[in-house]
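Residue numbers (this note's numbering): 1 to 255.
Shown next, in the form of structure tokens:
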């Protein structure tokens, strides 16, 4: 049985993973700050929304108003139009002034009703969300909003459980997401090259962004280290930023 593929909307990327991401799976998008993780992830849900697949950006740290402002100032993403048409939804689980950004006040009130139970839990800066918290919240809003593409930013906010149980909890979390038939990107910081986290091994795919000095200039690149169920290149391909978002070139970076 052949899995359906989702075009990412990132020019040049789908060719290196056999035609796009496989639907209904969980992918980790990792790399150092400023390498392109957020842009790639937003581009993925914007492209889906343009094709009629509703998208949700769930933030566990950064105010979503900042993310929207940064993306619309940097790229020609029609984010605000898609929000107004209830194709894109941006939600903070952190207790900021504007937790929900969507195009319908009734929908906003519906989401905020379920947010209350979780935002109270992190008024202490020492509290982290658990995977169970996030799953329970998503279970209330993914079906009614008809979400098909999901971004969780970032996994740093999900590690508030013991290392001994984190692996089992993450597997349960992935299986739970599969029941909603959503394709999920989870952003994960990687501050040290090749220092992997448990979720890197358990996700269906691992997409790594790099930036480094190469031949006398700073370059960015993307590498697919794992993609279950499909053949893919493991080379590092140069990434360029354009007004339309990220583009993956055919230039392979040798390091």
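For glycine and all other residues, C-beta sits at the position ideal for the given N, C-alpha and C. None of these values were measured; they are calculated from a predicted model.
Best match in the options for proximity to residue i [C-alpha to C-alpha]
i: residue 183; options: 15, 27 and 10; result: 27
i: residue 227; options: 20, 80 and 135; result: 20
i: residue 140; options: 211, 179, 104 and 53; result: 179
i: residue 25; options: 241, 243, 181 and 18; result: 181
i: residue 142; options: 202, 76 and 176; result: 176
i: residue 112; options: 138, 242, 130 and 131; result: 138
i: residue 213; options: 76, 254 and 43; result: 254
i: residue 67; options: 132, 85 and 37; result: 37
i: residue 86; options: 203, 77, 105 and 134; result: 105
i: residue 134; options: 145, 152, 144 and 165; result: 152
i: residue 109; options: 76, 77, 145 and 81; result: 145
i: residue 71; options: 185, 173, 154 and 42; result: 42
i: residue 242; options: 77, 203 and 205; result: 77
i: residue 187; options: 107, 63, 150 and 165; result: 150
i: residue 136; options: 165, 172, 166 and 217; result: 172
i: residue 167; options: 185, 244 and 203; result: 203
i: residue 154; options: 90, 69, 185 and 205; result: 185
Proximity below 8 angstroms, CB of residue i to CB of residue j
i: residue 199; j: residue 156; result: no
i: residue 115; j: residue 45; result: no
i: residue 221; j: residue 207; result: no
i: residue 65; j: residue 101; result: yes
i: residue 40; j: residue 29; result: yes
i: residue 232; j: residue 79; result: no
i: residue 148; j: residue 53; result: yes
i: residue 32; j: residue 211; result: yes
i: residue 131; j: residue 98; result: no
Limits of the unbroken alpha helix (DSSP H) element including residue i
i: residue 79; result: 79-84
i: residue 69; result: 64-74
i: residue 214; result: It is not in any alpha helix (DSSP H) - residue 214 instead sits in the beta strand (DSSP E) that spans 205-214.
i: residue 24; result: Per DSSP, residue 24 belongs to no alpha helix (DSSP H) and is neither H nor E.
i: residue 46; result: 37-50
8 angstroms contact criterion, which residue i and residue j should meet: CB distance rounded
i: residue 239; j: residue 246; result: 6 angstroms
i: residue 319; j: residue 209; result: The chain is shown only over 1 to 255; residue 319 falls outside these bounds and no answer can be derived.
i: residue 11; j: residue 248; result: 7 angstroms
i: residue 55; j: residue 83; result: Wrong, their Cβ atoms sit about 10 angstroms apart, outside the cutoff.
i: residue 230; j: residue 9; result: Wrong, their Cβ atoms sit about 18 angstroms apart, outside the cutoff.
Unbroken beta strand (DSSP E) run spanning residue i, endpoints
i: residue 241; result: 237-242
i: residue 150; result: 147-153
i: residue 183; result: 183-189
i: residue 92; result: 88-92
i: residue 247; result: 245-252
i: residue 219; result: 217-227
i: residue 60; result: Residue 60 -> no beta strand (DSSP E), and no H or E assigned at all.
Chain C contact for residue i (CB, 8 angstroms cutoff)
i: residue 139; result: No chain C appears in the structure shown, which is made up of a single protein chain.
Residue i: CB within 7 angstroms of a non-hydrogen atom of the ligand FAD
i: residue 154; result: For the ligand FAD, the structure offers nothing, since it holds no ligand at all.
With three or more C-beta pairs closer than 8 angstroms as the rule, is the stretch 58-70 touching the stretch 89-105?
Yes, the stretch 89-105 is in contact with the stretch 58-70.
Can we say the stretch 224-242 touches the stretch 41-54, given the rule of at least three CB pairs closer than 8 angstroms?
Under the Cβ criterion (8 angstroms, minimum of three pairs), the stretch 224-242 does not count as touching the stretch 41-54.
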